[in-house]
Amino acid sequence: MLRLERLRADHAPALLAFERENREYFARTISDRGDAYFEEFASLHRARLAEQDAGVCHFHLVVDDQGELAGRVNLVDVAEGNAELGYRIGERAAGRGMATAAVKEVCRLAATAYGLSTLTAYTALHNVASMTVLDRNGFTAVADATVGGHPGLRYRRRLVAEPGRR
Numbered sequence: 001m002l003r004l005e006r007l008r009a010d011h012a013p014a015l016l017a018f019e020r021e022n023r024e025y026f027a028r029t030i031s032d033r034g035d036a037y038f039e040e041f042a043s044l045h046r047a048r049l050a051e052q053d054a055g056v057c058h059f060h061l062v063v064d065d066q067g068e069l070a071g072r073v074n075l076v077d078v079a080e081g082n083a084e085l086g087y088r089i090g091e092r093a094a095g096r097g098m099a100t101a102a103v104k105e106v107c108r109l110a111a112t113a114y115g116l117s118t119l120t121a122y123t124a125l126h127n128v129a130s131m132t133v134l135d136r137n138g139f140t141a142v143a144d145a146t147v148g149g150h151p152g153l154r155y156r157r158r159l160v161a162e163p164g165r166r
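For the sequence shown, the tail end lands on 166 under UniProt numbering, and the numbers increase by one without skipping.
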């Protein structure tokens, strides 16, 4: 079982440790954040919180049943009922259905708590695990794309809020 926690200021130390621990792992399938991300982490974290407060992004930490940070799942560029989905699960939690479950939960939140109607996501063709997560969560490939300089796909999912769920 997992839970999503909306990003808070006090998450900074654990989030920075998670990103450092998984930097090489993530770089195998997605573009590296670069040294500046880690050097400027505190100010970037504050900027993310400001974006969230302004309602243009919704950032979440994925916490496993042991209370450990296992990943992130985010909705960015929120506008007119739409947002872009992004997610990353750390190496120690990979392959256990964590990404699929986190994306499912954020889709529910997007439709209910955030009032969104459509999500878009991108993944490189070599990132088969990410394509599987999107497929399992009802996303449909709608166009070719370039992702981090690699051939990829753009996905879309229309959201429907379940009656009585908020």
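All C-beta atoms, glycine included, are put in the ideal place defined by N, C-alpha and C.
At least 3 beta-carbon pairs within less than 8 Å: the region 62-76 vs the region 98-112: yes
Ala124 lies in the beta strand (DSSP E); which residues open and close that run? 118-124
Which word fits Met1, buried or exposed, when buried means at least 16 other C-beta atoms lie within 10 angstroms of its C-beta? exposed
Runs of beta strand (DSSP E) wholly within the UniProt domain "N-acetyltransferase" (2-160) (minimum 3 residues, chain order): 3-6, 58-63, 69-79, 82-89, 118-124, 140-147, 150-158
Can you list, in chain order, the residues of its chain with a C-beta nearer than 6 Å to that of Val56? Leave out the 5 residues immediately preceding and following it. Val78
For the 8 Å Cβ check, are there 3 or more pairs between the region 44-52 and the region 116-136? no
Using a Cβ-Cβ cut-off of 6 Å (strictly less than) and excluding sequence neighbours within five positions of Asn127, which residues of its own chain qualify? Thr29
Can you say whether Ser31 is buried or exposed, counting buried as having 16 or more other CB atoms within 10 angstroms of its CB? exposed
Quick check: Leu69 and Ala113, are their CB atoms within less than 9 Å of each other? no
Where Ala129 falls, given that 16 or more other Cβ within 10 Å makes a residue buried: exposed
Here's the rule: buried if 16 or more other CB atoms are within 10 angstroms of the residue's CB, otherwise exposed. What is Ala27? exposed
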